[in-house]
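The next block holds one structure in the form of structure tokens; read it before the comments.
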Amino acid sequence: MILLLVSPVLARGQVQNVFGGMVRGDLGEKKIALVFTGHEFAEAGEEILKTLGQHRAKAAFFFTGDFYRNPDFENLIIQIKGKGHYLSAHSDKHLLYCDWGKRDSLLVTKVAFLEDLERNYDEMRRFGVDKSEAPFFLPPYEWYNDSISAWTREAGLHLINFSSGTRSHADYTDPSMPNYVDSQKILHSILDYESSQPQGLNGFILLMHIGVGPKRVDKFHAQIPVLLQTLRSRGYEFVSLSELFPIEVREPSK
Numbered sequence: 002m003i004l005l006l007v008s009p010v011l012a013r014g015q016v017q018n019v020f021g022g023m024v025r026g027d028l029g030e031k032k033i034a035l036v037f038t039g040h041e042f043a044e045a046g047e048e049i050l051k052t053l054g055q056h057r058a059k060a061a062f063f064f065t066g067d068f069y070r071n072p073d074f075e076n077l078i079i080q081i082k083g084k085g086h087y088l089s090a091h092s093d094k095h096l097l098y099c100d101w102g103k104r105d106s107l108l109v110t111k112v113a114f115l116e117d118l119e120r121n122y123d124e125m126r127r128f129g130v131d132k133s134e135a136p137f138f139l140p141p142y143e144w145y146n147d148s149i150s151a152w153t154r155e156a157g158l159h160l161i162n163f164s165s166g167t168r169s170h171a172d173y174t175d176p177s178m179p180n181y182v183d184s185q186k187i188l189h190s191i192l193d194y195e196s197s198q199p200q201g202l203n204g205f206i207l208l209m210h211i212g213v214g215p216k217r218v219d220k221f222h223a224q225i226p227v228l229l230q231t232l233r234s235r236g237y238e239f240v241s242l243s244e245l246f247p248i249e250v251r252e253p254s255k
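Its first residue numbered 2, the sequence shown is counted upward by one per residue in our numbering.
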């Protein structure tokens, strides 16, 4: 089993990495990157864009190739790009890269990984998003290992993942699942973590889903206005990934 030791407290200016993926930025800055992923569903998209606009917040959206190909989502993608949000890749077919129980066991070859990733970027180009404008990649299922991170770097990209500690990423769960978390508990998990940790949510990648399907009636996106308002009142700024992780990135073309 591959082990990676991560210090629980990082010095100002450092970036936290797990298995080669960037998962948290500078702990000395009250900055948060809002991230939304999408594959099959997008029922929250319009409301999320409205909320982001009302709170003058930018976000990053990571979609699969299947999402970009879906004609039902075309107008939403155009809106996201037109409003200056970041668009990038989440794999073409939402592949599971490595075993859930044995993380160092790959389920894809390097060739299959790179071909799938390139197909994702091919679909993005139809919307005028070039790979040079979208260097951050978020793996499907938010599950990867050091090999996937290395292959991502070889492709000229930077792998990121959500910051651990809250339940924001559980917004996809529905009542039939043993790991179901209702929206109030998700909201409280974020705000409680912020108030209980020495560095709060500094440098956080806060991940949510743009759609979760009909099985979950209690949609978390309804809580996002309260979440953003509360965090802003606590002094947080919602920033782009390129500000959280300063690398040379071309500005998105509109």
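Think of the CB as a built atom: it goes at the ideal place given N, C-alpha and C, for glycine as much as any other residue.
Check: Buried or exposed by the 16-neighbour rule on C-beta atoms within 10 Å, applied to Leu6; Outcome: With a pLDDT of only 30 at Leu6, under 50, the local geometry of the prediction cannot be trusted, and the value read off the model is given with reservation. Exposed, since its Cβ has fewer than 16 Cβ neighbours within 10 Å.
Check: Of the listed residues Val109, Ala90, Asp105 and His91, nearest to Tyr98 (C-alpha basis); Outcome: Val109
Check: Neighbour-count burial assignment, Gly85, 16 or more Cβ in a 10 Å radius; Outcome: exposed
Check: N-terminal and C-terminal residue of the alpha helix (DSSP H) that Thr167 is part of; Outcome: Here Thr167 belongs to no alpha helix (DSSP H), and DSSP marks it neither H nor E.
Check: Three-way DSSP call (helix, strand, coil) for Ile33 in this model; Outcome: strand
Check: Coil, strand or helix - His159 by DSSP; Outcome: strand
Check: Trp144 versus Val182 - alpha carbon distance; Outcome: 20 Å
Check: Given Tyr69 as reference, the closest of Ile81, Phe246, Leu202 and Ala58 once Cα atoms are compared; Outcome: Ile81
Check: Test item: CB-CB of Lys111 and Glu238 under 8 Å; Outcome: no
Check: Where Gly39 falls: helix, strand or coil (DSSP); Outcome: strand
Check: Close Cβ partners of Gly21 (< 7 Å) along its chain, the five nearest in sequence each way excluded; Outcome: Asp147, Ser150, Ala151 and Leu160
Check: Supposed close pair Ser241, Tyr87 - CB separation, criterion 8 Å; Outcome: 6 Å
Check: Opposing strand residues paired with Ile206 [DSSP bridges]; Outcome: Ala34
Check: Residue from Asn18, Leu35, His40 and Val36 whose Cα sits closest to the Cα of Val213; Outcome: His40
Check: Spatial neighbours of Ile211 in its chain, beta-carbon cut-off 6 Å, leaving aside the 5 residues before and after; Outcome: Phe37, Gly39, Ala43, Ala45 and Gly46
Check: In DSSP terms, what Glu238 is bridged to; Outcome: Lys32
Check: Pick from Asp27, Gln198, Pro176 and Asn18 that is closest to Gly204, judged by C-alpha positions; Outcome: Asp27
Check: Val24 burial status per 10 Å Cβ neighbour count (16 or more: buried); Outcome: buried
Check: Segments assigned beta strand (DSSP E), at least 3 residues, entirely inside the stretch 58 to 121; Outcome: 60 to 64 and 87 to 90
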